[in-house]
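For what it's worth, numbering that gives the first Met the number 0 labels the leading residue of the sequence shown as 0, then goes sequentially.
Backbone N, C-alpha and C define an ideal beta-carbon position, used for all residues, glycine too.
One structure is given below, encoded as structure tokens.
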Amino acid sequence: MLTIIEIGAIIAFAVSGLIEAARRRMDIVGVFTVAFVTAFGGGTLRDVLLDRRPLFWVQHQEYVWLVLALTLIGSPLLGLMRHRWAERVMNLTDALGLGLFAVSGAALAMAAEMPLIVVVMMGVVTGVFGGVLRDVLCNEIPVVFQDHRPYALCAFVGCWIFIGVDAIGAEPWMALLAGAGTTTGLRLLALRMDWRIPPWPRNMDD
0 MLTIIEIGAI
10 IAFAVSGLIE
20 AARRRMDIVG
30 VFTVAFVTAF
40 GGGTLRDVLL
50 DRRPLFWVQH
60 QEYVWLVLAL
70 TLIGSPLLGL
80 MRHRWAERVM
90 NLTDALGLGL
100 FAVSGAALAM
110 AAEMPLIVVV
120 MMGVVTGVFG
130 GVLRDVLCNE
140 IPVVFQDHRP
150 YALCAFVGCW
160 IFIGVDAIGA
170 EPWMALLAGA
180 GTTTGLRLLA
190 LRMDWRIPPW
200 PRNMDD
């Protein structure tokens, strides 16, 4: 189940990176680079922090071929997609990748017998880091830092749901789906309902 979730997360984040790079009118090398970094950034940081070797995409080189295939197939199709639909697909795949990678990071940290707060933070970091790298490569302030609509907070809640469902003795796949579904659902609701986190108060002397 964890492998399936990881593959789903890779596809979702690769597509979001592909769309953003295509909107920036990058060439095929740039599009692949952004898709690759978005798809593997969070999982790579997770493996480094948990001291897992080899890195997951090195151990499973078929994941790299998958991202390459998505780039070659998806780039021409994006040229036919209207801007409005591209934005919607990107938001959907980004939310899905966030949820799937968050629970994968939390599950692996739990398997390594980390404290619960570390489990949750590992899930959050795994979920958001790929999107952060995507935005940096596309010369944008990362969404997680400036959008004000809950992003990392959704992963934080979703990881606690994963822990809670696992704690009551549910099947592992139920806990994974509950955590991923909560994270993705909250992010999509935040976009739909325009929920916003209040900005940090500005210095009155400014």
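Query                                                                                                                                                                                     : Result
Does DSSP put C153 in a helix, a strand or coil?                                                                                                                                          : helix
In chain order, what residues of the same chain lie with their CB nearer than 7 Å to the CB of V131, ignoring the 5 residues before and after it?                                         : P141, V143
Helix, strand or coil for G16, going by three-state DSSP, please let me know.                                                                                                             : helix
Would the beta-carbon of T92 fall within 7 Å of that of A34?                                                                                                                              : no
What did DSSP end up calling N138 once you bin it into helix, strand or coil?                                                                                                             : coil
Identify whether M113 lies in helix, strand or coil by the three-state DSSP scheme.                                                                                                       : coil
How many angstroms separate the CA atom of V118 from the CA atom of G104?                                                                                                                 : 8 Å
Just how far apart, CA to CA, sit R52 and C153?                                                                                                                                           : 29 Å
Distance check for A169 and R23, CA to CA, integer angstroms please.                                                                                                                      : 44 Å
Identify, in the order they occur along the chain, each residue of the same chain with its Cβ nearer than 7 Å to the Cβ of Q128, setting aside the five sequence neighbours on each side. : A small correction: the amino acid at residue 128 is Phe; Gln does not occupy that position in the sequence shown. Cβ within range, chain order: G40, G41, L44.
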